[in-house]
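**Q**
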Amino acid sequence: MNNDLEVFISFTEREGFAENQKLQSSLYPCSEEGFSLLELCCYHGAVDCFKFLRTKFNSEITKRCLTFSFLGRNHEIMSECLKQQKPDQECMKYAIISHNIDFVTFLVNEHIISIDLHACGKYNNLDSFLVFYDQTNLLISCLIFSPMFNIPSLCEYFLSLGVDINKNLLNGKTALHIAARSDSKETAELLISHGININEKNNDGETALHIAARSDSKETAELLISHGININEKNKKGETPLHFAAFNKNKKQLNFLFHMVQISMKNIKMEQTLFIKQYLVIRKKQSNFLFHMVQISMKKINMDKSLFMMQHIVIVKNSRISYFTRY
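Spelled out as structure tokens, the structure:
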């Protein structure tokens with residue numbers, strides 16, 4: 001990690017040292033097989049240790065070595081890796097993560113690898129996003145992914161160029177779906193004010209509210225509901241946004257579920273009033289909660305009957321079960 005060659009050499013000279021060992025840690029990307037010492041040198045940019053392993057043990061330069069070299073940001077390591085491995089889209093992702101615009105443009109210009117706009121938004125790399133726009137002029141893609149930065153003026157700029165606000169990606173997602181995923185409330189509000197179809201579905205039949213519920217985007221969900229999005233819309237699997245909020249297995253999502261129910265109640269028409277009976281199982285273990293909702297029935301009730309919800313909540317804690325019902 002610190003490229004301390006002297007200490008590193010002393011470890012390699014100890015009895016039982018295995019040059020082909022694989023290491024795993026939560027500090028590194030998830031891997032079932034773990035990472036080699038050379039791969040970790042690439043990850044940390046430890047060039048002296050890298051050279052030592054190559055010289056003494058002839059350690060193999062793997063595909064992952066090259067990928068990690070873009071994150072480690074050491075030009076010597078990267079140059080050696082490029083002699084034996086060909087860069088791909090994963091290298092572009094790590095170049096974007098590293099926020100090294102030279103690496104990004106190198107992959108674009110020398111290896112014809114496209115810039116991943118989703119990665120730009122996810123890792124907040126606006127420079128690479130703008131390079132993509134400058135080199136491709138693909139306005140629709142830029143508009144759709146621009147909400148990930150939650151900079152309304154950026155989105156408004158692309159709209160000012162005459163882009164159709166309701167255009168979508170191949171998976172059917174619009175800019176509003178992306179805004180909901182990122183909880184970019186201000187940008188979502190801008191899109192709605194410019195007339196985006198609020199109930200547009202992606203290829204899975206999901207509206208922006210489905211995405212907001214699954215992503216715990218509370219503020220954006222409130223905004224969508226306040227602007228009249230269909231809260232009872234089902235996707236291709238028959239799931240509503242409330243299902244998504246309930247299926248996410250954490251305490252924050254449970255609170256969000258109840259919050260959505262409270263808001264949703266105000267938007268249900270009396271002539272279509274629903275009787276909903278749900279079971280929620282909550283299990284508490286070391287501050288982690290497991291939630292599961294099974295919708296038992298949804299049916300219309302008469303207009304002259306008041307709207308009510310009945311929920312059974314089972315709280316499982318310390319092997320003791322208690323029940324309570326709220327009307």
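Residue numbers (UniProt numbering): 1 to 327.
Ideal placement from N, C-alpha and C gives every residue a C-beta, glycine not left out.
All values derive from a computational prediction rather than experimental measurement.
If I follow the unbroken alpha helix (DSSP H) through P241, where does it start and stop?
**A** Its alpha helix (DSSP H) spans residues 241–247.
**Q** At the level of alpha carbons, what is the spacing between I115 and M92?
**A** For I115 and M92, the distance between alpha carbons rounds to 7 Å.
**Q** Could you work out which residue in F145, C42, N197, I225 is closest to E80 when comparing CA atoms only?
**A** Residue C42 is the option with its Cα nearest to E80.
**Q** Rounded to whole angstroms, how far is the Cβ of residue 328 from the Cβ of R181, which I believe are closer than 8 Å?
**A** Missing from the structure shown is residue 328; the chain here goes from 1 to 327 and no further.
**Q** Reducing DSSP to helix, strand and coil, say where F68 ends up.
**A** Of the three classes helix, strand and coil, the one that applies to F68 here is helix, per DSSP.
**Q** Just confirm the distance between the C-beta atoms of residue 328 and L107, as a whole number of angstroms; I'd bet it's less than 8 Å.
**A** Residue coverage of the chain in this structure runs from 1 to 327, which leaves residue 328 outside it and unanswerable.
**Q** Taking all protein chains shown into account, decide if K237 is buried (16 or more other Cβ within 10 angstroms of its Cβ) or exposed.
**A** So K237 counts as exposed.
**Q** Would you give the residue range spanned by the alpha helix (DSSP H) that A208 belongs to?
**A** Unbroken alpha helix (DSSP H) run through A208: 208–214.
**Q** Leaving aside the five residues before and after E206 along the sequence, list all residues of the same chain whose C-beta is less than 6 Å from its C-beta, in chain order.
**A** Excluding positions up to five away in sequence, the list reads N235.
**Q** Take N3 as the anchor and find which of R14, C49, E13 has the nearest alpha-carbon.
**A** The option with the nearest alpha carbon to N3 is C49.
**Q** What do you reckon, are the CB atoms on G162 and N203 nearer than 7 Å?
**A** Taking 7 Å as the Cβ cut-off, G162 and N203 do not qualify as a contacting pair.
**Q** On the DSSP bridge assignment, give the partners of K22 in chain order.
**A** K22 is bridged to S36.
**Q** Is I61 closer than 7 Å to Q89 when the C-beta atoms are compared?
**A** No, these two residues do not count as a Cβ contact at 7 Å.
**Q** With a threshold of 16 other CB atoms inside 10 Å of the CB of N168, please say whether the residue is buried or exposed.
**A** Buried is the call here.
**Q** Helix, strand or coil, according to DSSP, for residue 328 in the structure here?
**A** In the structure displayed, the chain extends from 1 to 327; residue 328 sits before or after that span and is not available.
**Q** When the Cα atoms are used, what is the spatial distance from H44 to L5?
**A** Whole-angstrom Cα-Cα distance: 13 Å.
**Q** Can you look up F324 in the DSSP assignment and give me helix, strand or coil?
**A** Its pLDDT being 34, under 50, F324 is placed unreliably in this model, and the value from its coordinates should be taken loosely. If DSSP states are grouped into helix, strand and coil, F324 belongs with the strands.
**Q** Kindly indicate the opening and closing residues of the alpha helix (DSSP H) around I225.
**A** 218–226 is the span of the alpha helix (DSSP H), which, as asked, contains I225.
**Q** In three-state DSSP terms, what is H177?
**A** Looking at H177 - three-state DSSP - the assignment turns out to be helix.
**Q** Would you mind reading off the limits of the alpha helix (DSSP H) that contains Q84?
**A** Looking at the DSSP string, Q84 is not in any alpha helix (DSSP H), and its letter there is neither H nor E.
**Q** How do the region 10–18 and the region 62–71 stand: do at least 3 beta-carbon pairs fall below 8 Å, yes or no?
**A** Result no; under three Cβ-Cβ pairs closer than 8 Å.
**Q** Give the DSSP-derived three-state secondary structure of A117 in the structure shown.
**A** One point to set straight first is that residue 117 is Leu, not Ala, in the sequence displayed. If DSSP states are grouped into helix, strand and coil, L117 belongs with the helices.
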